[in-house]
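K.L.:
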Amino acid sequence: MKQPLTLNINGESRLLLVEPFYSLLDCLRDDASLTGSKKGCDEGDCGACTVLMDGKPVTSCLVLAHSAHGSEITTIEGLADVDGLSPVQRAFVEHGGLQCGFCIPGLIMSATGFLQDNPDPTEEDVRFAIGGNLCRCTGYSRVIDAIMAAAAEMRASA
Amino acid sequence: MTTTTQFKVLEQNHPRVDAYEKVTGRATYASDVYLPGMLACKLLPSTRNHARIVSIDTSAAAALPGVRCVITGTDFPDIRFGSGALRDRYVMPREVVNFVGEPVAAVAADDEATAQEAIDLIKVEYEDIPSVVNPLAAMGEGAASVHPDLESYEGYGFTLGHNVSTLLDADRGDVEQAFRDADVVVEDVYRSQGINQGFLEPMACVADVEPSGRLVIYASTQGPYQIRAGLAAVLEIPVSRIRVVPMELGGGFGAKLRLAFEAFPALLAMRTGRPVKLVNTREEVFTMNGPRLPVTNYIRSGVMNDGTIVAREAYTIFDVGAYLGAGPNSGIGHGIGAYRIPNFRLRSYGVYTNKIYVGSYRASGVADMTFAVESHMDHIAHQIGMDAYDLRLHNALREGDVSVSGAVVPSNGLIETLEAIKEKIDWPRQLEDGHGLGLALCEWRSGSGPSTAAISVNDDGTVSLLTGSTDISGSDTSLAAIAAEALGIPMGSVVVAKRDTDMAPYTGQSGGSRVVYSQGTAVQRAAEETVQKLIALAAERLGVPEDALGCEDGRVYVMDNEPQGLTFAQLAAASITSRGGPIIGTASLSSMPYTPVFAAQAAEVKVDRGTGQVKVLRYIQAQDVGVAINPMAVEGQLDGGVVQGIGRALTEDQQFDPDTGAVRNPSFASYLMPLAIDLPESEVVLIKVPAEDGPFGARAVAEPPGFGPPAAIANAVYDAVGVRVKQLPLSGERVLAALNGDYDDIPFDVEALRLAEGII
Amino acid sequence: MARFDYLEPHSVDEALQMLAEHGDKTRLVAGSTDFLVRWRTGVWRPESVVCMQHVPGLDYINWNPDDGLSIGAMASVQDIELNTEVRSRYPALAAGATSFAGVQVRNLATVAGNICNASPAGDTLPALLAYNAQCRIIGPSGERSLPLDELFVGPGRTALAAGEILTEIRLPPPAPNTGGLYIKHSPRGAMDISAVGVASVVSLNDDGTCASARIALGSVAPTPLRAYGAEGRLVSQTPDAANIAEAARLASQSCNPIADVRSGADYRREMVRVLTERTLQHGVATAGDTPSFDDIRRLAVQTAW
């Protein structure tokens, strides 16, 4: 039976009714109406459901929804504000780091979490950081360009 | 090799028109559709690969609280349909299942968990029928029949051999004499593996019934009109009673060209009167929706000592699984590669087996053919002691030659792609032990098919572009760029309309390198008609003849008095009260002339002699794109295509149980697509020899990048360690076995096939 | 599809009570990464889960020269990978951690969970075995300690009794002049289940001979296992090419791999030989050094050397 659950999502406290066996991903999509996080495999193998929990990228399909209370959850919907896109989002647009776009919320969340702790990465660091994200369209080249560019921009404006 | 044409929009990078939606998570895919009162659909897969359905007991499932409807095959009209040329299947089996995973029942319930619980309660009694899994065995007379009534199916043509759905042939010249005349004959058998398309968005759709009774399908599809037609056929309702809304497409690569599972939620929605959503699990994607199946290729060439290839014989066996999806056309279409070979005999067989049916994937079968043909080219080169690059250059198709289909080859950049690759990878070059270089030449043609476009001018001078094509890999952005270029307005002044099958004119599927080339031509022509109408209206208002007017930068002006003119906005406003009415330009076309696409590719690899593993250190591709509509998107296509090809070469391997045909590795943890860590930097050279047809000289782009890697990498492995691996993928295990000398050639009884046809 | 209830203890004692109350109808989960995958595929069908996420004070990684390394049950695999003491003193464990899935899963999965799920392919397990890990276990009848080597009973099966919880893993301090590495054999650089994994840890005497050698193998038997015979071949010997090659040959003979979609059995056995040789060579060459993590990361999942 669904049980009440209070989650902190994108800076807002949300009171939801959630099945005890739901993953955080199912909860975000079905109960919180945040469909930006994608279910590509539901097995932790593709990274399309990546969100930040307390700043760390996690596959939300492998988190028990009810265990996520007390954490700050950031989804793709929480990155842009009324002033516009985040530096990582902007770089993906400008560098053509997306095609079908299904993996992109996960990639952007992985990159966002990574750059918070690693402001000056090498290209190899970036390749390892997105090692848990599958993309079938882009071949990753422009994704990596975008993340490197976002890192440079964030350093310049820091 | 750049064009001299000065473009204002084309040949410049443009961010995608849908980029903002996609980076913010706002883009709406079919699985993101949530409707009030929506039910969840789950499917019951067959556990047998060939069996009669004795009974299906759905009573316990139907009685479960929260379950609203259960359907099985007999709930659908008794109508066969086809995923390909043959009507060889039911949308849900009525009496016989033909592969493990085939859906035999569907449930709609209040939520997914309940629907799955209901599925688990359905009891099916099967009675096994003899089955066959290996296509070469299936062709033998003693083998079990997958479709005993094959000859009665609509669409069945002439074939030879048991379980053969299709036999295609292509012949030219005197093949036997040419082989007798040849100095050297080289013969090989290659085998390429099953491949999953690997799109990240699982198949999904939502079906709803409007109060009027019309069916609405929100689909993840490359072919909304094809879904509409397919649904109309299997549900026996008129096309006009169905509206298909293509949602954002999360990758398709051919897998989402046709009707898939939409009929299940559709019938459930019709039965319950409520919206029904079906989202496949990843395991269902792997086990229910057609992948590419293994291809076996016998190939033989007659060669003169100077390297001239005078004869080619190729027999290709395509495993089509339980049902014919994509046909074996590439077996004859690509059996001679990008070369002028005057005498050939090409045969291509589609063979039924009791495993998941074959689907389409990024120029179905051409990558398999390219692996065989381009590996074979290197084998020829080594046999006659000729450089592999020189052999390719010597035999390469040139303008005026006749292609395998009989079309005359128009101007193209094939030679330029080869030269670019040679320079960029510095061929030939001596490398350290365990390192090697390999080449592959890829050929394809720009896709054709029904294409339509409509452009209307808005009263602020912008235009709205309406086409029926689903966006695929940025095609909306490219179509907008073509419209902008043809109209002489900036990209930002083109609004690309969201569409559905009610709204947009009929168009072919988004696939086969078709959209930008064919659909783009329709857009260009619609834009030209729009310009004509704007000029006509301006002529009327300005009182000057039409031929005195020019059109540039969103304005029609008098050529010898430039300040005199009218902007598009002024013309649009004027048009509303004009005799001709609001301005709209349209175009419609069906077929386009033969326009080849060539690409040359080179790999530099390192082979680990301890583990047999192969690492790609560099991968370079040069492709003749004609004109780069949106270079960023073109390069993105080439980057992504090559990576799919590298996966095909090294790690991807859809495996099937040899007894049951069941998919053995139905997950992303066991079907291994490349990750960022595994790849070298992308190196791309765009060659630009404008096409004689196509929008502004553009050629198709998307397919060839993925053709070359298996052969280029296999050739590089040979260069590195001196072993030729003829089976894909080039796994560590396979390469190490070859290094140890225990590598078995693939058995292939070509004599039997020749004899069956009366060729001695 | 089996629905389950969610139980959330806030102390180890409360968790023990919940386990006692619900018996074998419940399942203890830490990071829940393995659990949710196996639940969805129907392998595990508990009526409830006892989720350890909100039990405070278990996510530590402590180092001191006397006791070595202590890893709390809720320390994540990513915590291990990032820990500077692990990187410098237990490089094979750092390699095992970095080769584990992808960052997003490493942030959730725990080392303790990896141990308790007892997959022969668990990526942290060979290194933990090679560092002589000890398990601290708390149960209804008190606390006990068990060498990790004795914990694995079969695929997915451990010597943990009903109602017991693994609360801490301890690695003794490495001897001076120790080097080690874990190499995961996989076609891909991440997100893969190892076809073979080998961890070797070598300690050298002042005269260059081997004081100790510990070799542990993953994915080649029903459980991760130590290659004692191969280890014995090196002790007191000079770890030269011939001795290492002989030890590697013995290691490959000591395993019992199966064939599956990833690989054939003979190939797996041969990979044990090759990777044992390479990890030993690396361990000897870097004994006493502080290896760079960039090197560890590259070597841990190297698709071709």
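One line per chain: the protein sequences are A, B and C, in this order. For the first sequence, my numbering gives the first residue as 4, with consecutive numbering after it. For the second sequence, my numbering gives the first residue as 2, with consecutive numbering after it. For the third sequence, my numbering gives the first residue as 8, with consecutive numbering after it. The beta carbon of each residue, even a glycine, is placed where N, CA and C say it ideally should be.
(1) Kindly indicate which three-state DSSP category B:M289 falls into: helix, strand or coil?
(2) I believe C:P10 touches B:A114 by the beta-carbon criterion, under 8 Å. Please report the beta-carbon distance rounded to the nearest angstrom.
(3) Which of helix, strand or coil does DSSP assign to B:I300?
(4) To be precise: take each residue of the segment 103-116 of chain A, compare its Cβ to all Cβ atoms of chain B, and keep it if any distance is under 7 Å. Which residues remain?
(5) At least one CB of chain D closer than 8 Å to the CB of A:G39: is that the case?
(6) In chain order, what residues of the segment 258-279 of chain C put their CB closer than 8 Å to some CB of chain B?
(7) With burial defined as no fewer than 16 other Cβ atoms inside 10 Å of the residue's Cβ, what is the status of B:T578: buried or exposed?
(8) Whole beta strand (DSSP E) runs in the segment 686-745 of chain B with 3 or more residues, listed along the chain?
(9) Would you check if there are 3 or more beta carbon pairs closer than 8 Å linking the segment 668-687 of chain B to the segment 648-660 of chain B?
(10) Check for me: the alpha helix (DSSP H) holding B:S449 runs from which residue to which?
(11) Between A:G81 and chain C, is there a C-beta pair that is closer than 8 Å?
(12) B:V291 and B:V367 look like a contact to me (Cβ under 8 Å); what is the Cβ gap, rounded to whole Å?
(13) Work out the CA separation of C:E15 and A:I107 for me, nearest whole Å.
(14) So, with DSSP's three-state summary, where would you put C:I122?
(15) Under 7 Å, CB to CB, which of the residues in the segment 186-200 of chain C have a partner in chain B?
(16) Return the chain-ordered list of same chain residues with a C-beta closer than 6 Å to the C-beta of B:R348, the five sequence neighbours on each side being excluded.
(17) For B:T463, report the span of its alpha helix (DSSP H) as first-last.
(18) Helix, strand or coil for C:I200, going by three-state DSSP, please let me know.
(19) Under three-state DSSP, which class holds C:W46?
(20) Pick out whichever of B:D640, B:N666 and B:G435 has its Cα sitting closest to the Cα of B:V606.
(21) Going by DSSP, what residue range makes up the alpha helix (DSSP H) through A:P90?
(22) With 8 Å as the C-beta to C-beta threshold (strictly closer), list the residues of the segment 14-34 of chain A near chain C in chain order.
(23) Which of the residues in the segment 90-117 of chain C, read from start to end, lie with their CB under 9 Å from any CB of chain A?
(24) Hey, B:V190 and B:I747: beta-carbon distance below 8 Å or not?
(25) Identify the contact partners of C:S39 in chain A, using a Cβ-Cβ distance below 8 Å as the criterion.
(26) If you count every other CB in all the chains shown that lies within 10 Å of the CB of B:H380, and 16 or more means buried, which is it?
(27) Tell me where the alpha helix (DSSP H) around B:K124 begins and ends.
(28) Among B:G437, B:A455 and B:A339, which has the Cα closest to the Cα of B:R399?
(29) Name the chain C residues that come within less than 9 Å of A:D123, Cβ to Cβ?
(30) I need the DSSP call for B:V524, collapsed to helix, strand or coil.
(31) Under 8 Å, Cβ to Cβ, is there at least one residue of chain C near B:M2?
(32) Show which residues of chain A have a CB atom less than 8 Å away from the CB atom of B:Y362.
(33) Are the beta-carbon atoms of B:G641 and B:G709 separated by less than 8 Å?
(34) The alpha helix (DSSP H) with B:S331 in it runs from where to where?
(35) Can you pull the chain A residues whose beta carbon is under 7 Å from the beta carbon of C:D12, in chain order?
(36) Start and end of the beta strand (DSSP E) containing C:T297?
P.N.:
The structure says:
(1) Looking up residue 289 of chain B in the second sequence gives position 288. B:M289 falls in the helix class under three-state DSSP.
(2) Translated into positions along the third sequence, residue 10 of chain C becomes position 3. Translated into positions along the second sequence, residue 114 of chain B becomes position 113. Residue 10 of chain C is actually Arg in this sequence, not Pro. Right, their Cβ atoms sit about 6 Å apart.
(3) As a first step, residue 300 of chain B must be located in the second sequence, where it is residue number 299. Strand.
(4) C103, G104, F105, C106, I107, P108 and I111
(5) Among the protein chains in the structure shown, which are A, B and C, there is no chain D.
(6) From the segment 258-279 of chain C, only V268, R269, S270, G271, Y274, E277 and M278 have a Cβ closer than 8 Å to chain B.
(7) Position 577 of the second sequence, counted from the start, is the residue given in the question as residue 578 of chain B. With fewer than 16 Cβ atoms within 10 Å of its Cβ, B:T578 is classed as exposed.
(8) none
(9) yes
(10) Translated into positions along the second sequence, residue 449 of chain B becomes position 448. That residue, B:S449, is in no alpha helix (DSSP H); it is neither H nor E in DSSP.
(11) Start at 1 with the first residue of the first sequence, and residue 81 of chain A comes out as number 78. Answer no: the Cβ-Cβ gap between A:G81 and chain C never drops below 8 Å.
(12) Along the second sequence, read from residue 1 onward, the residue named residue 291 of chain B stands at position 290. Along the second sequence, read from residue 1 onward, the residue named residue 367 of chain B stands at position 366. Val is not the amino acid found at residue 291 of chain B; the sequence shown has Gly there. Rounded, the Cβ-Cβ distance is 17 Å, inconsistent with contact.
(13) Looking up residue 107 of chain A in the first sequence gives position 104. Looking up residue 15 of chain C in the third sequence gives position 8. Approximately 33 Å between the Cα atoms of the pair.
(14) Within the third sequence, the letter at position 115 stands for residue 122 of chain C. Annotated three-state conformation of C:I122 is helix, per DSSP.
(15) H192, P194, R195, G196, A197, M198, D199 and I200
(16) Position 347 of the second sequence, counting from 1, holds the residue named residue 348 of chain B. The answer, listed in chain order, is D170 and Y316.
(17) On the second sequence, residue 463 of chain B is found 462 positions in, with the first residue counted as 1. No alpha helix (DSSP H) contains B:T463, which DSSP labels as neither H nor E.
(18) For this step, residue 200 of chain C is matched to residue 193 along the third sequence. In this structure, C:I200 counts as coil in the three-state DSSP scheme.
(19) For the purposes of this step, residue 46 of chain C is taken as residue 39 along the third sequence, with counting starting at 1. Helix, per DSSP.
(20) Mapped onto the second sequence, residue 606 of chain B falls at position 605. For B:V606, the nearest C-alpha among the options comes from B:G435.
(21) Residue numbering aside, residue 90 of chain A sits at position 87 when the first sequence is read from its first letter. Here the alpha helix (DSSP H) through A:P90 covers P90 to E97.
(22) E22, P23, F24 and S26
(23) T105, A108, G109, V110, Q111, V112, R113, N114, L115 and A116
(24) Within the second sequence, the letter at position 189 stands for residue 190 of chain B. Within the second sequence, the letter at position 746 stands for residue 747 of chain B. Yes. Within cutoff.
(25) On the third sequence, residue 39 of chain C is found 32 positions in, with the first residue counted as 1. The contacting residues are L65, V66, L67 and S70.
(26) By one-based count along the second sequence, residue 380 of chain B stands at place 379. Label assigned to B:H380: buried.
(27) On the second sequence, residue 124 of chain B is found 123 positions in, with the first residue counted as 1. Boundaries for B:K124: no alpha helix (DSSP H) harbours it, while the beta strand (DSSP E) harbouring it runs K124 to D129, taken from the DSSP string.
(28) As a position in the second sequence, residue 399 of chain B is number 398, starting the count at 1. Nearest option by C-alpha distance: B:A339.
(29) For the purposes of this step, residue 123 of chain A is taken as residue 120 along the first sequence, with counting starting at 1. Near A:D123 there are no residues of chain C at all, since even the closest Cβ is about 14 Å away, more than 9 Å.
(30) To locate residue 524 of chain B, count along the second sequence from 1; it is residue 523. Three-state result, B:V524: helix.
(31) Translated into the one-based positions of the second sequence, residue 2 of chain B becomes position 1. Residue placement at B:M2 is poorly supported in this model, since its pLDDT is 41, which falls under 50; the coordinates are not used for a value here.
(32) If you number the second sequence from 1, residue 362 of chain B lands on position 361. Ordered by position in chain A, no residue passes the 8 Å Cβ test against B:Y362, which lies about 11 Å from the chain.
(33) Position 640 of the second sequence, counting from 1, holds the residue named residue 641 of chain B. Position 708 of the second sequence, counting from 1, holds the residue named residue 709 of chain B. Judged by beta-carbon spacing, B:G709 lies beyond the 8 Å limit of B:G641, meaning their Cβ atoms are not closer than that value.
(34) The residue labelled residue 331 of chain B in the question sits at position 330 within the second sequence. Taken as a continuous stretch (DSSP letters only), the alpha helix (DSSP H) holding B:S331 covers S331 to G334.
(35) Against the third sequence, residue 12 of chain C aligns to sequence position 5. Taking a Cβ-Cβ threshold of 7 Å, the residues of chain A close to C:D12 are P23, in chain order.
(36) Here residue 297 of chain C refers to the residue found at position 290 when the third sequence is read from its first residue. Premise fails: C:T297 is in no beta strand (DSSP E) and is neither H nor E.
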